[in-house]
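Visitor: Per the numbering used here, the very first residue in the sequence shown carries number 1; after that it's consecutive. All C-beta atoms, glycine included, are put in the ideal place defined by N, C-alpha and C.
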Amino acid sequence: MTVSNLFTMAAAALILAGCVTSEDPGDGGFFNGVAGASNGTYDRRVATRQAEVDRAQAENARLTAELARLRGEHSRAKSDLIAARSKAQAAGVKLSPTQEGQVAAALRSDPARVESLSKAIADARRLSETISRMAG
Numbered sequence: 001m002t003v004s005n006l007f008t009m010a011a012a013a014l015i016l017a018g019c020v021t022s023e024d025p026g027d028g029g030f031f032n033g034v035a036g037a038s039n040g041t042y043d044r045r046v047a048t049r050q051a052e053v054d055r056a057q058a059e060n061a062r063l064t065a066e067l068a069r070l071r072g073e074h075s076r077a078k079s080d081l082i083a084a085r086s087k088a089q090a091a092g093v094k095l096s097p098t099q100e101g102q103v104a105a106a107l108r109s110d111p112a113r114v115e116s117l118s119k120a121i122a123d124a125r126r127l128s129e130t131i132s133r134m135a136g
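Have a look at this one:
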């Protein structure tokens with residue numbers, strides 16, 4: 001290989017490197033693709049995107065577990081409300097129509113959102129405590 005051939009190859013490499021205009025694989029066509037593959041840009045982008053996916057999946061798992069925990073808590077709060085109402089009735093305590101409506105609404109509730117579920121739990125507990133105090 002002659003010096004002129006080496007010079008020609010080096011010049012061609014520099015010219016091609018000058019054609020790289022972006023590190024985004026969607027920009028610039030073939031030369032950007034070659035540069036991205038050779039300098040690790042693609043690997044870094046893949047690793048960054050995978051880390052984002054992993055974080056989103058972990059957050060989804062956390063929220064799914066929290067929702068399941070709240071649904072169980074809501075179910076227990078409804079059971080406590082039914083028990084308090086039964087105890088009050090057995091003690092001869094008559095709930096007002098408003099209270100009966102609140103009990104019925106609390107027992108019908110099945111919120112899908114975490115915020116609504118937390119409020120429904122608090123409402124059911126508050127109502128259960130009120131009825132339990134009335135029954136003595």
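According to the Cβ coordinates, are Ala90 and Ser132 closer than 8 Å?
Guide: no
Visitor: Return the first residue and the last residue of the alpha helix (DSSP H) that Thr48 is part of.
Guide: Thr41 to Ala90
Visitor: Determine the contact status of Ser128 and Leu95, defining contact as a CB-CB distance below 8 Å.
Guide: no
Visitor: Assuming Leu117 is part of the alpha helix (DSSP H), what are its boundary residues?
Guide: Val114 to Ala135
Visitor: In whole angstroms, what is the alpha-carbon distance linking Gln57 and Asp123?
Guide: 32 Å
Visitor: What separation, rounded to the nearest whole angstrom, lies between the Cα atoms of Ala156 and Ile121?
Guide: Outside the shown range of the chain, which is 1 to 136, sits residue 156, and nothing can be said about it.
Visitor: CB-CB under 8 Å to Thr130, same chain, minus the five flanking residues each way: which ones, in chain order?
Guide: Gln99
Visitor: Closest by CA to Ser118, which one among Gly72, Gly101, Thr41 and Ala51?
Guide: When each option's Cα is compared against that of Ser118, the closest is Gly72.
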